[in-house]
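The structure appears right after this line, and notes come after that.
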Amino acid sequence: MLREWQHDGASVPLHPGDLGWYWRFGAEATAKAVRIWRRDGRIRALGLLDGSGLARLGIAPGAAGDEDLARRLAADVSQPERGVLPQGTASVEARWRGVFHELLLDGGWELSKPWTPLVRDLAEPVADCGVRIETTGPEQASVRAAVQRAAFSRSTFTSERWHAMTTGPPYADARCLIAYDDHGVAVATATVWSAGAGRPGLLEPMGVHRDHRGHGYGRAITVASAAALRELGSSSATVCTATANVGGVATYRSAGFRPLPDVRDLRRNA
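Residue numbering for the sequence shown follows the UniProt record's numbering, beginning at 1 and increasing consecutively.
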């Protein structure tokens, strides 16, 4: 269902890969983190509670203008007793515009810091990235996890979580990549998620080992990710990073990604 909602031209909506990456915490935790909104018997919106205070929302094509659905969504994320977001500080990621945004802003929510979505069209072949790239299998899980932790200081990723992630249905159309330098040292990693042939694929996450930055490995693994998504049949590769992450935006642009207009989450302060 969420796969069918993906289409080129959208500003990096909630993607099957977002659920796939969350699956590192296990199937039960992922199920508990998902919220579903139905209308007339059909699923029209879906949410992922990514942490205790963030709801990441996706909406079915054509449903953004449904005012009744917008009011229900706004009430559900605004009232803690409805079980979506807790009392106090909270954020909502909703990459469409319309009544839902207006209702939250009128209710005291504020726009938070901007994010920059980027996209690379995959109609044409992707050039070689210039470094050795390997697809992670069970035997490389500990290497994949170690590079992730070295790239993100707060990461808790482990080989056990890699194995949990790969058992999820979204990973059937995904790949974990590792980049190696000329000495055979793992220097960067990324995971790519396909939503099926002819639909946009997602790059999430991408990171370069803290000891190997400044050598172009971020660009290389990003180019390799675009190539992997093309092999999986994706029409485009998408990614989103904080606009303040100037280096990250520059890396994606150097890898052939085109920035789209900035987007902002909605935030409610305690």
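Where a beta carbon is used, it is the ideal one built from N, C-alpha and C, also for glycine.
Exercise for the section: Starting from the C-beta of Asp121, find all residues in its chain whose C-beta is less than 7 Å away, skip the five residues before and the five after it, and write them out in chain order. Expected result: Ser236
Problem - Per-residue DSSP class, three states only, for Val77 - result: helix
Exercise for the section: Could you check what DSSP says for Asp50 in three-state terms: helix, strand or coil? Expected result: coil
Exercise for the section: Count the other CB atoms, across all protein chains shown, that sit within 10 Å of the CB of His209; report buried if there are 16 or more and exposed otherwise. Expected result: buried
Exercise for the section: Could you tell me the boundaries of the alpha helix (DSSP H) in which Gly247 lies? Expected result: 246-254
Problem - Where the beta strand (DSSP E) through Thr189 begins and ends - result: 186-193
Practice task
Verify whether the separation of the beta carbon atoms of Pro170 and Asp8 is less than 7 Å.
Solution key: no
Practice task
Return the first residue and the last residue of the beta strand (DSSP E) that Pro200 is part of.
Solution key: 200-208
Practice task
Assign Ala63 to one of three DSSP states: helix, strand, or coil.
Solution key: coil
Exercise for the section: May I have a chain-ordered list of the beta strand (DSSP E) segments no shorter than 3 residues that lie completely inside the region 129-153? Expected result: 132-135
Problem - Sequence-distant residues of the same chain with beta carbon closer than 6 Å to Ala270, five excluded per side - result: Gly88, Thr89
Practice task
Give me the Cα-Cα distance between Leu232 and Asp173, rounded to the nearest whole angstrom.
Solution key: 7 Å
Handout entry: Cβ neighbour criterion (16 or more within 10 Å) applied to Ile59
Key = buried
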